[in-house]
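Residue numbers (the working numbering): 6 to 556. Built from N, CA and C at the ideal position, the CB exists for glycine as well.
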Ligand SMILES: [Zn+2]
């Protein structure tokens with residue numbers, strides 16, 4: 006155990022506020038107590054918990070190179086959902102090397118794993134997404150569209166960074182738990198194919214979260230933040246409709262054919278008319294995944310893939326039903342057959358736990374935002390200008406003034422299948438500042454900061470918060486109990502989880518296979534090699550930051 010003076014010295018380096026409060030209380034305390042630290046925060050003496058937190062924060066700082074390498078490595082893999090082969094192999098190796106046992110291929114998904122270290126309660130599950138975005142290939146640190154490989158996928162969301170937050174935090178805490186023989190189990194798991202909302206409902210169905218006490222999720226953002234209650238945004242079901250017609254010579258005997266593509270086009274036209282009469286909160290979009298072969302052959306097969314998004318389960322089901330009706334109507338109109346539909350993904354709307362969010366928020370305030378360099382700000386401002394944003398004020402330098410509570414008016418937005426976890430286990434998502442504010446999302450621009458000092462500093466800040474929150478949950482069992490009280494008596498009092506996936510649905514692990522096969526050989530040449538280069542920027546020979554001279 007460090008002496009009281011060591012603890013005070015450490016705290017003075019870390020947090021002037023805590024130090025001031027502590028020193029003031031110490032001054033008023035009897036002399037004997039000053040020299041004998043007791044695990045009682047109320048008496049003004051730094052508790053064991055505070056000391057462990059300070060130690061974990063220092064430990065996270067000492068692992069900066071480790072975190073940076075993980076961020077850069079996964080950035081360079083740039084793998085689409087369900088094809089995260091290199092990413093999961095790499096992460097599983099890192100975890101095995103650090104004493105975790107890794108269960109691979111969970112829930113029938115080859116690129117998903119659950120790693121475990123420790124024993125006993127609480128069981129804390131640390132998750133983050135790992136997949137990337139189609140056509141988002143981009144050189145990091147360059148403030149305009151400059152793909153590494155034209156047309157290739159890339160981390161245009163920033164999912165290359167969240168595992169580094171969790172793993173760095175877990176290793177810092179594990180060191181303390183091992184030494185102090187603290188009971189508790191740390192799980193680290195992959196948000197596989199999040200861009201397809203393709204895996205988490207299956208994790209729940211496979212019972213992987215049955216014994217989990219608390220789920221701490223991380224997601225890239227542009228500030229250090231957390232929230233509780235219902236979130237802004239939607240849940241969704243992702244469905245592919247396929248039609249079967251008959252080929253014929255499109256000029257000689259068109260009357261002998263039946264076009265499956267006609268059914269797709271009529272379904273889409275029908276949907277777009279109906280859209281006007283749907284609730285404002287819905288979001289729906291589609292891509293035609295099969296539109297036939299060539300114009301002179303009447304298309305025998307055609308498929309269209311829809312995302313139906315709404316703010317609650319009954320409304321998602323309602324949209325889905327309308328979609329099913331449209332598909333049937335289109336088949337009738339065109340005289341083709343509607344084949345059995347395929348659910349390719351699903352997500353419940355998100356609801357985060359009040360107690361865990363409050364605990365995390367207290368730690369966020371202790372950690373604060375990273376110190377950005379002039380170069381970091383220069384890159385951010387140059388990109389904001391390049392995108393012609395109304396505001397080009399660079400990176401965030403202030404935390405939000407309060408913890409974000411429940412959203413009262415939800416007009417829709419994105420989805421994340423962490424929603425399914427959040428309705429089964431008390432969950433929060435920690436957002437950490439590895440990205441630049443004001444970006445379009447799902448775009449090359451969102452990849453620019455993701456293998457630069459901005460991402461690295463954001464990850465270190467996030468890992469500090471995550472480590473402190475894990476320690477809170479390990480050292481204060483009453484928090485876990487209170488989190489479950491909120492979960493049972495408030496969150497799920499009237500709303501019960503029912504999966505959107507049906508018994509016959511299976512993870513859509515074939516998705517993105519062809520795209521990755523097309524680009525992987527070229528991408529392999531750009532995989533990050535930390536044995537030769539300090540950073541990925543260095544490997545790509547990118548000067549940081551690279552901005553236009555007018556900017
Ligand atoms: Zn995401």
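Sequence-distant residues of its chain with Cβ nearer than 7 Å to residue 450 (five each side left out)
As a working mapping, residue 450 is identified with position 445 in the chain shown. Within the same chain, residue 450 has close Cβ partners 388, 392 and 444.
Length at least 3, wholly inside the stretch 230–296: the beta strand (DSSP E) runs in chain order:
240–249 and 288–295
Would you mind sorting residue 495 into buried or exposed? The rule is 16 or more other CB atoms within 10 Å of its CB.
Here residue 495 corresponds to residue number 490 of the chain shown, with the count starting at 1. Exposed.
Option in 190, 219, 314 and 154 with minimal Cα separation from residue 532:
By 1-based counting over the chain shown, the position of residue 532 is 527. Looking at the Cα atoms, 154 is the closest of the given residues.
Are the beta-carbon atoms of residue 246 and residue 303 separated by less than 7 Å?
Against the chain shown, residue 246 aligns to sequence position 241. Against the chain shown, residue 303 aligns to sequence position 298. No, the Cβ-Cβ distance between residue 246 and residue 303 is not below 7 Å.
Could you check whether residue 232 and residue 370 sit closer than 7 Å to each other, using their CB atoms as the reference points?
On the chain shown, position 365 is the one that residue 370 refers to. On the chain shown, position 227 is the one that residue 232 refers to. No, Cβ-Cβ distance for residue 370 and residue 232 is not below 7 Å.
Cβ-Cβ separation, residue 452 to residue 150 (assumed contact under 8 Å), whole Å
Counting from 1 along the chain shown, the entry for residue 150 is found at position 145. Counting from 1 along the chain shown, the entry for residue 452 is found at position 447. No, residue 150 and residue 452 are not in contact; Cβ-Cβ is about 10 Å, not under 8 Å.
I think residue 114 touches residue 512, with their Cβ atoms under 8 Å apart; what is that distance to the nearest whole Å?
Position 109 of the chain shown, counting from 1, holds the residue named residue 114. Position 507 of the chain shown, counting from 1, holds the residue named residue 512. About 5 Å; that satisfies the 8 Å criterion.
Please confirm whether any heavy atom of ligand 1 lies closer than 6 Å to the CB of residue 162.
Residue 162 sits at position 157 when you count from the first residue of the chain shown. The answer is yes for residue 162.
Can you tell me which of 288, 297, 265 and 292 puts its alpha carbon nearest to the alpha carbon of residue 315?
Residue numbering aside, residue 315 sits at position 310 when the chain shown is read from its first letter. If we check each option's Cα against that of residue 315, 288 comes out closest.
What do you get for residue 200, buried or exposed, if any count of 16 or more other CB atoms within 10 angstroms of its CB means buried?
Against the chain shown, residue 200 aligns to sequence position 195. Result: buried.
With DSSP as the reference, label residue 67 as helix, strand or coil.
Residue mapping note: residue 67 aligns to position 62 of the chain shown, counting from 1. Three-state result, residue 67: helix.
With a threshold of 6 Å (Cβ to nearest heavy atom), would residue 136 be considered close to ligand 1?
Start at 1 with the first residue of the chain shown, and residue 136 comes out as number 131. Flag unset: Cβ of residue 136 not near ligand 1.
Check whether the Cβ atoms of residue 197 and residue 133 lie closer than 7 Å to each other.
For the purposes of this step, residue 197 is taken as residue 192 along the chain shown, with counting starting at 1. For the purposes of this step, residue 133 is taken as residue 128 along the chain shown, with counting starting at 1. No.
For residue 516, the nearest candidate out of 380, 349, 414 and 493 (CA to CA):
Mapped onto the chain shown, residue 516 falls at position 511. That would be 349, whose Cα lies nearest to the Cα of residue 516.
Among the residues of its own chain, which have a CB less than 7 Å from the CB of residue 425, if the five just before and after it don't count?
Residue numbering aside, residue 425 sits at position 420 when the chain shown is read from its first letter. Contacts found: 205, 206, 209, 352 and 353.
Near residue 263, what residues of its chain come up, given a Cβ to Cβ distance below 6 Å and the 5 sequence neighbours on each side ignored?
Along the chain shown, read from residue 1 onward, the residue named residue 263 stands at position 258. Excluding residues within five positions, the ones whose Cβ falls inside 6 Å are 250, 251, 340 and 341.
So residue 552 packs on residue 148, CB below 8 Å; how close in whole Å?
In the chain shown, residue 552 corresponds to position 547, counting from 1. In the chain shown, residue 148 corresponds to position 143, counting from 1. That belief holds up - the Cβ atoms of residue 552 and residue 148 are roughly 5 Å apart, short of 8 Å.
Hey, how far is the Cα of residue 61 from the Cα of residue 536?
Walking along the chain shown from the start, residue 61 turns up at place 56. Walking along the chain shown from the start, residue 536 turns up at place 531. The alpha-carbon atoms of residue 61 and residue 536 are separated by roughly 27 Å.
Just list the residues that DSSP pairs residue 122 with in beta bridges.
Residue numbering aside, residue 122 sits at position 117 when the chain shown is read from its first letter. Looking at the DSSP assignment, residue 122 forms a beta bridge with 191.
Around the Cβ of residue 185, are there at least 16 other Cβ atoms within 10 angstroms (buried) or fewer (exposed)?
Along the chain shown, read from residue 1 onward, the residue named residue 185 stands at position 180. Classification for residue 185: exposed.
CB residue 360 to CB residue 502, shorter than 7 Å?
To locate residue 360, count along the chain shown from 1; it is residue 355. To locate residue 502, count along the chain shown from 1; it is residue 497. No. Outside cutoff.
Counting Cβ pairs, one atom from each stretch, are 3 or more of them under 8 Å apart for the stretch 464–484 and the stretch 77–96?
no
Measure the beta-carbon distance from residue 474 to residue 85 and round it to whole angstroms, keeping in mind my assumption that it falls under 8 Å.
Numbered from 1 along the chain shown, position 469 holds the residue referred to as residue 474. Numbered from 1 along the chain shown, position 80 holds the residue referred to as residue 85. With a Cβ gap of about 31 Å, residue 474 and residue 85 do not count as contacting.
May I ask you to report which of helix, strand or coil DSSP gives residue 135?
As a working note, residue 135 is residue 130 in the chain shown. Correct three-state label for residue 135: coil.
For residue 312, report the span of its beta strand (DSSP E) as first-last.
Residue numbering aside, residue 312 sits at position 307 when the chain shown is read from its first letter. Counting along the chain, the beta strand (DSSP E) containing residue 312 begins and ends at 306–315.
If the criterion is Cβ atoms closer than 7 Å, does the pair residue 163 and residue 225 meet it?
The residue given as residue 163 occupies position 158 in the chain shown. The residue given as residue 225 occupies position 220 in the chain shown. Yes. Within cutoff.
So, with DSSP's three-state summary, where would you put residue 320?
In the chain shown, residue 320 corresponds to position 315, counting from 1. Reduced to three states, the DSSP call for residue 320 is helix.
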